[in-house]
Amino acid sequence: MAMEVLERKTDEFAALRRTFPAVQQPDWPDPAALRDVTDRLATDAPLVSAGECADLRGRMAAVARGQAILLQGGDCAETFAQVTADSVRRKLKTLLQMAVVLTHATALPVVKVGRMAGQYAKPRSSPVERQGDLTLPSYRGDAVNGLEFTAEARRPDPARLRTMYEASASTLDLVRSLTTGGFAGLSQVHAWNRGFVARSRAGERYESLADEIGRSLAFMHACGIDTWELGTAEFYVSHEGLLLDYETALTRTDPESGRVYAGSGHLLWIGERTRQLDGAHVEFFSRISNPIAVKLGPSAAVDDVLQLIDRLDPHREPGRLTFVVRAGAERVRDVLPVLVEKTGAEGAQVCWVSDPMHGNTTTAPSGHKTRRFETVLDEVRGFVEVHRALGTHPGGIHVELTGDDVTECVGGGNALLAEDLPVRYETACDPRLNHTQSLDLAFLLAEMYRD
Ligand code: PEP
Ligand code: MN
218 MAMEVLERKT DEFAALRRTF PAVQQPDWPD PAALRDVTDR LATDAPLVSA GECADLRGRM
278 AAVARGQAIL LQGGDCAETF AQVTADSVRR KLKTLLQMAV VLTHATALPV VKVGRMAGQY
338 AKPRSSPVER QGDLTLPSYR GDAVNGLEFT AEARRPDPAR LRTMYEASAS TLDLVRSLTT
398 GGFAGLSQVH AWNRGFVARS RAGERYESLA DEIGRSLAFM HACGIDTWEL GTAEFYVSHE
458 GLLLDYETAL TRTDPESGRV YAGSGHLLWI GERTRQLDGA HVEFFSRISN PIAVKLGPSA
518 AVDDVLQLID RLDPHREPGR LTFVVRAGAE RVRDVLPVLV EKTGAEGAQV CWVSDPMHGN
578 TTTAPSGHKT RRFETVLDEV RGFVEVHRAL GTHPGGIHVE LTGDDVTECV GGGNALLAED
638 LPVRYETACD PRLNHTQSLD LAFLLAEMYR D
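Residue numbers (my numbering): 218 to 668.
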């Protein structure tokens, strides 16, 4: 799709940083170097077009109305080293496989959005990290500093913003060519799922759903249905819009519609730590027209949530705003109902999505940060139960996953044990579901939607 040339809103957004407090921003050591990098980004092509962002907003409107499901997933933190064709292909493949299962089970379109092509910046609970006697700045994602625990690596370097742009562009290139080039065809994706079911320990449980999908495909084939849609997939990219220097440099006005768009990705979200009502993130997000999301933790106050709606979706437009709930399996059934009820009473048609990862992180005896698959599943179950009880739409899931066979979360169909964690623990930040665990989640979520 051709990129539109969008004009930059430089001065307005530079002023935003002076007027509103911005938390979780790096301490860039060299302001002149930062300025050089952002000046150049400001004249570069945006990574996504206004038209694509508007299309996704339309898809999200269907989610808000209960006519579609969102599947959003990818790494907690992408790394520059992992921008390889294989890694991107495996993540995409995993998401496409999950999407086919969910589409069939719900008979609804699944809106596919990667946590990809821009997920390089991390908020941290502490600005520093200690190892033995040494205290250094925390790792804030490859967009800011290096993971290696040395003073040199941990020093924020604005040149990394340039690398982030380039890495995001290559990832997006690959995603675009794979999703239109045959890789994402429905029969191909179904064949992968067949392979998964055949190898899975829980195979029998999943087999009937896989059989039904196979029969539907055979039926379509027999009827001579062979449309472009069967051979391609519509896929969007998203990341946390954390680094305002980067995001504002890539923001443009669409000359056709006059609307302002973040040009760094289709959908951006505000994290749990940066959703202050008087902060720079909420202000920036209120000025862009992309579909946006906000994470809500277990202590999100109803009043704050209603004010977020007033700030971010003042016209109550379905598709504009998504709330990603990450309350934890123990809390979700208690905290979610009141948020959903009061939001509905305000006339807002937001999308409700479950992030079952971030409220369920624990530390294993080995010291590895981990998550139990069964707890993750329980939070999703609680989320669906709450919506079923209220007669509202469980709009989908937001998960941290990878297409690789890593050992970062315990449990799931491959029964990963805490002792297995060191075998292949590769995440730069939070533990991700591996390929098998991701597909387990899709099949089990499919059962929940059907119940
Ligand atoms: C994340 O999505 O990786 C994250 C930091 O989430 P949250 O803002 O919900 O803590
Ligand atoms: Mn995370």
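Backbone N, C-alpha and C define an ideal beta-carbon position, used for all residues, glycine too.
TODO: Return yes when the C-beta of residue 647 is under 6 Å from any heavy atom of the ligand MN, and no when it is not.
DONE: It does: the Cβ of residue 647 is within 6 Å (strictly closer) of some heavy atom of the ligand MN.
TODO: Closer than 6 Å by C-beta to residue 628: which residues in its own chain qualify, once you throw out the five before and the five after it? Chain order, please.
DONE: Its chain contains 589, 590, 591 as the residues whose beta carbon lies nearer than 6 Å to that of residue 628, once the 5 sequence neighbours on both sides are disregarded; these appear in chain order.
Task: Contact test: residue 293 Cβ vs the ligand MN heavy atom, cutoff 6 Å - done: The answer is yes for residue 293.
Task: residue 653 - DSSP class collapsed to helix/strand/coil - done: Annotated three-state conformation of residue 653 is helix, per DSSP.
Open item on the list: I need the straight-line Cα distance from residue 380 to residue 338, nearest angstrom please.
Closed with: The alpha-carbon separation between residue 380 and residue 338 amounts to approximately 12 Å.
Task: Run of the beta strand (DSSP E) containing residue 347, from where it starts to where it stops - done: Note, residue 347: beta strand (DSSP E), 345–348.
TODO: Mind listing, in chain order, the continuous beta strand (DSSP E) runs of no fewer than 3 residues lying wholly within the stretch 404–467?
DONE: List check, beta strand (DSSP E) in window: 452–457.
- [ ] Kindly indicate which residue of 633, 484, 622, 607 has the alpha-carbon position closest to the one of residue 581.
- [x] Of 633, 484, 622, 607, the residue nearest in Cα terms is 633.
Open item on the list: Tell me which residues share the same chain as residue 424 and place their Cβ nearer than 7 Å to its Cβ, disregarding the 5 neighbours each side in the sequence.
Closed with: These residues qualify, in order along the chain: 414.
Open item on the list: By the three-class DSSP mapping on this structure, what secondary structure does residue 285 have?
Closed with: Reduced to three states, the DSSP call for residue 285 is coil.
- [ ] Mind checking who residue 540 pairs with in its DSSP beta bridge?
- [x] When beta bridges are read from the DSSP output, residue 540 appears opposite 511, 569.
- [ ] Report whether the distance from the Cβ of residue 512 to the nearest heavy atom of the ligand PEP is below 6 Å.
- [x] Under cutoff, so the answer is yes.
- [ ] Look at the Cβ atom of residue 378, then the Cβ atom of residue 463, and state whether they are nearer than 7 Å.
- [x] Yes, Cβ-Cβ distance for residue 378 and residue 463 is below 7 Å.
Open item on the list: Please state whether the Cβ-Cβ distance between residue 665 and residue 601 is less than 7 Å.
Closed with: Between residue 665 and residue 601, the gap from beta carbon to beta carbon is short of 7 Å.
Task: Contact test: residue 575 Cβ vs the ligand PEP heavy atom, cutoff 6 Å - done: Yes, since a heavy atom of the ligand PEP falls inside the 6 Å radius drawn around the Cβ of residue 575.
Task: Status (buried if at least 16 other CB within 10 Å, exposed otherwise) for residue 436 - done: Looking at its Cβ environment, which holds fewer than 16 other Cβ atoms inside 10 Å, residue 436 is exposed.
Open item on the list: Quick check: the Cα distance between residue 219 and residue 469, rounded to an integer number of angstroms?
Closed with: Because the pLDDT of residue 219 is 34, which lies under 50, any placement of that residue in the model is unreliable, and the number read from its coordinates should be weighed accordingly. Approximately 16 Å between the Cα atoms of the pair.
Task: residue 293 classed as buried or exposed, judged by whether at least 16 other C-beta atoms fall within 10 angstroms - done: By the neighbour-count rule (16 or more Cβ atoms within 10 Å), residue 293 is buried.
Open item on the list: With the cut-off set at 7 Å, would you say residue 655 and residue 618 are in Cβ contact?
Closed with: Going by C-beta atoms, residue 655 is nearer than 7 Å to residue 618.
- [ ] Assign residue 185 to one of three DSSP states: helix, strand, or coil.
- [x] Absent from the structure is residue 185, since the part of the chain shown begins at 218 and ends at 668.
TODO: Determine, using beta carbons only, whether residue 311 and residue 630 come nearer to each other than 7 Å.
DONE: No, these two residues do not count as a Cβ contact at 7 Å.
Open item on the list: So for residue 265, helix, strand or coil by DSSP?
Closed with: In the structure shown, residue 265 sits in coil (DSSP, three-state: anything other than H, G, I, E or B).
TODO: Ignore the nearest five residues each way along the sequence and tell me which others in residue 169's own chain have a CB closer than 6 Å to its CB.
DONE: Residue 169 falls outside the range modelled here, since the chain spans only 218 to 668, and no answer is possible.
- [ ] Indicate, with yes or no, if the ligand PEP has a heavy atom lying under 6 Å from the CB of residue 411.
- [x] The closest heavy atom of the ligand PEP lies 6 Å or more from the beta carbon of residue 411.
Task: Reduced DSSP category for residue 553 - H, G, I as helix; E, B as strand; rest coil - done: In the structure shown, residue 553 adopts helical secondary structure according to DSSP, grouped into three states.
Open item on the list: Check for me: the alpha helix (DSSP H) holding residue 369 runs from which residue to which?
Closed with: Boundaries of the alpha helix (DSSP H) around residue 369: 368–371.
- [ ] Output the distance between the C-alpha atoms of residue 622 and residue 563, rounded to the nearest integer angstrom.
- [x] Those two C-alpha atoms are separated by around 44 Å.
- [ ] State buried or exposed for residue 284, treating a residue as buried only when at least 16 other CB atoms are found within 10 Å of its CB.
- [x] That one is exposed.
Task: Given residue 314 as reference, the closest of 594, 443, 569, 412 once Cα atoms are compared - done: Selected option, being the one with the closest Cα: 412.
Task: Candidates 607, 586, 658: closest to residue 593 by CA position - done: Distances from the CA of residue 593 to each of 607, 586, 658 were compared; the closest alpha carbon is that of 658.
- [ ] Could you tell me whether any non-hydrogen atom of the ligand PEP is closer than 6 Å to the CB of residue 379?
- [x] Within the chosen limit of 6 Å, the ligand PEP does not reach the beta carbon of residue 379 with any heavy atom.
Open item on the list: Is it buried or exposed, residue 474, if we count other Cβ atoms within 10 angstroms and call 16 or more buried?
Closed with: By the neighbour-count definition (other C-beta atoms within 10 Å, threshold 16), residue 474 is an exposed residue.
Open item on the list: Does the beta-carbon of residue 543, which I'm using as the reference point, lie nearer than 6 Å to any heavy atom of the ligand PEP?
Closed with: True, at least one ligand heavy atom lies under 6 Å from that Cβ.
Task: Cα-Cα separation, residue 223 to residue 443 - done: Because residue 223 carries a pLDDT of 43, less than 50, the predicted location of this residue cannot be relied on, and no value is offered for it.
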